[in-house]
Structure formats: C-alpha cells, structure tokens
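Numbering (full-length UniProt numbering), first residue to last: 1 to 164.
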C-alpha cells in the first residue's frame, strides 16, 4: 500500500511540474507579453504605446507557419508591415523582443544610425513612433527550434527618419 501512495504522489508531482512548465512557457508568449515588452522599450524613449491587432497577428501567424519546415531567418517580403524575426533553440516571444531591444546601445540618435557597423534596426522598429499596431507569432520548427516574428503597422525604419 505504501508503494501505491508513493507512486500516486510521484504522478501528482510530475503533473504539477508539467503543468507549471507549460504555464511558464505560455506566460512569456501571450499577446500581452509581446505588447508589454514593446511598450517598456517605447516608454524609455517617451514613445506612445503600441496595441495588439488581430489582423496583424493573423499575418504574423500565417508567415510563421511557412517557416516551420526550415526555421530560416528569412523576411516575409511584405511591404504592408514592418517586421522583426528571430530564431532560437529555446526562444520565447519575450526573449525575442528583449534581443531586439538589446540593440539599443547600437543606435545613435544624433546621427540617426547604427554605430560601428552594429545592428540596431530591430530596436528602431520596436520603438518606431508611428507603428501603433502589433501582431506576433511563435512556432516550433521541424528541427525543434523556435521561430518568432512580430509585425508592425504602419511599418517603420524609413531612411532619413528618426524612430522617435
């Protein structure tokens, strides 16, 4: 009888761990998580908030689904929306946004350029003042890694324009 109790407790513990890890994974990938991560970066430079848009999200999901087979970092080519993409073996939506925002030190406002040949255009799209609608998607690719895309309406990163 004691073995059955231990087994039942082990099964219950396993269920709690699995349920908690699934919740933790989803907790960094909800629409609100994407919006909050973007708005935190935007607030740092006094740019108004961005809002989730189901139409933009539908486009993001449709494109993300096309990347499931290869997970390649290839932009959609769509000109209607701005776009940031990311790939990683254990990548959450929040981590993707954090990665784009981490380019902030590479952006020089006075010259409106990326410094030292560094990448900063993901960051400038996140904080682009005229981009007010957001849609993101995350898919697990055939190789087990994750592909994340966020799309922005209207798009940003126009030549000779500052993001804010």
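Beta carbons are placed, not taken as given, at the ideal position from N, Cα and C, and that holds for glycine.
For clarity, every value in this text was computed on a predicted model and none was experimentally measured.
Legend entry - Residue nearest to residue 119 in terms of C-alpha spacing, selected from 109, 111, 102, 70: Residue 102 is the option with its Cα nearest to residue 119.
Legend entry - Segment limits, alpha helix (DSSP H) that includes residue 185: Not covered by the structure: residue 185. The range shown for the chain is 1 to 164.
Legend entry - Residue from 129, 149, 156, 154 whose Cα sits closest to the Cα of residue 34: Answer by Cα proximity: 149.
Legend entry - Assumed close pair residue 152, residue 131 - CB separation to whole angstroms, cut-off 8 Å: Taking the Cβ atoms as the reference, residue 152 lies roughly 4 Å from residue 131, within the contact range of under 8 Å.
Legend entry - residue 92 to residue 31 span [Cα, whole Å]: Cα to Cα, the separation comes out at about 12 Å.
Legend entry - Backbone secondary structure at residue 134 - three-state DSSP: Three-state result, residue 134: strand.
Inset, instruction - Give the DSSP-derived three-state secondary structure of residue 139 in the structure shown. - result: In this structure, residue 139 counts as strand in the three-state DSSP scheme.
Legend entry - Local conformation of residue 152 per DSSP, three classes: In the three-state reduction of the DSSP assignment, residue 152 falls in the strand class.
Inset, instruction - Check each candidate in 146, 97, 134 and name the one with the smallest Cα separation from residue 155. - result: Put simply, of 146, 97, 134 the residue whose alpha carbon is nearest the alpha carbon of residue 155 is 134.
Inset, instruction - Keeping to the same chain, check which residues put their C-beta closer than 7 Å to that of residue 122; ignore five residues upstream and five downstream. - result: Within the same chain, residue 122 has close Cβ partners 84, 100, 103.
Inset, instruction - With a cut-off of 8 Å on the beta carbons, I'd call residue 68 and residue 139 a contact; round off their distance for me. - result: Indeed, because the Cβ distance is near 5 Å, the residues count as touching under 8 Å.
Legend entry - Same chain, Cβ closer than 7 Å to residue 166, five either side skipped, listed in chain order: Since the displayed the chain opens at 1 and closes at 164, residue 166 lies outside it and no answer follows.
Legend entry - Limits of the alpha helix (DSSP H) - the one that residue 100 falls within: 93-101 is the extent of the alpha helix (DSSP H) around residue 100.
Legend entry - Residues sharing a beta bridge with residue 120, DSSP: In the DSSP assignment, no residue is bridged to residue 120.
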